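When the letters of the sequence shown are read in order and numbered with mature numbering (1 follows the signal peptide of the UniProt record, and there is no 0), they come out as residues -19 to -1, 1 to 129.
All residues carry an ideal CB built from backbone N, CA and C; glycine is no exception.
In this text, all values refer to a predicted model and were calculated from it rather than measured experimentally.
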Amino acid sequence: MNWIATLLCLLLINGKVNGSKWKIKVDREHLKLDFLDIFGSWSTIFSDAEMDFRYFAAHDYDNNKKLDGLELFSALGHDSQHEDESQSEKDHSAPEDIEKQVDDIFQEHDSNNDGFLNYKEFLSVGRTYPDISGEKKSGDRKPTAQEL
């Protein structure tokens, strides 16, 4: 029961959500810090496809190979906690904004309407990868034939 309270507290933390309606921000440096103890120094060996998989798996808390709304909400809120604190308040979104983004993502990308995003549906969500220097490389990344 304590883990539910902790999760809810984490979900209520304000943070920046990527401004694009359909993009989930995946920050390689953020993931590098989160996974450093598990994988060691790997930033040069993981491809974008591997990064997608690790990001998906890291937020699939119940290991059912699907993301539910709370897991996606947590992923978006977790990413926002690592944003630069020098950014202005107008760049930060309320939990209601994150909730709206989650709802929009599910409405557009939950193709079988089961209330979950499987890995294929997750990959259909546009992605943004900031590079190591901080410049953003953006674009809607489509899954490769191997990933499907």
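Leaving out the 5 sequence neighbours to the left and right, which residues in its chain are closer than 6 angstroms to residue i when beta-carbon positions are compared?
i, result
"Asn99", "Lys47"
"Phe97", "Lys47 and Asp49"
"Asn94", "none"
For residue i, is the classification buried or exposed, using 16 other Cβ atoms within 10 angstroms of its Cβ as the cut-off for buried?
i, result
"Ser69", "Here the model assigns Ser69 a pLDDT of 43, short of 50, so the residue's position is not dependable and the matter cannot be decided."
"Ala38", "exposed"
"Ser55", "buried"
"Ser105", "buried"
"Asp33", "buried"
"Ser67", "Note that Ser67 scores a pLDDT of 43, beneath 50, so its modelled location is shaky; the value from the coordinates is reported in the next line. Exposed."
Helix, strand or coil, according to DSSP, for residue i in the structure here?
i, result
"Glu66", "Low confidence applies to Glu66: its pLDDT is 47, below 50, so where it sits in the model is not reliable enough to give any reading."
"Asp43", "coil"
"Gly107", "strand"
If I measure Cβ to Cβ from residue i and keep anything under 7 angstroms in the same chain, skipping five residues before and after, which residues do I get?
i, result
"Ser92", "Glu102"
"His90", "Leu98, Glu102, Ser105 and Val106"
Quick one: give me the first and last residue of the alpha helix (DSSP H) that residue i is part of.
i, result
"Phe103", "Tyr100 to Leu104"
"Asp78", "Pro76 to His90"
Can you check whether the CB of residue j is closer than 8 angstroms to the CB of residue i?
i, j, result
"Glu52", "Asp41", "yes"
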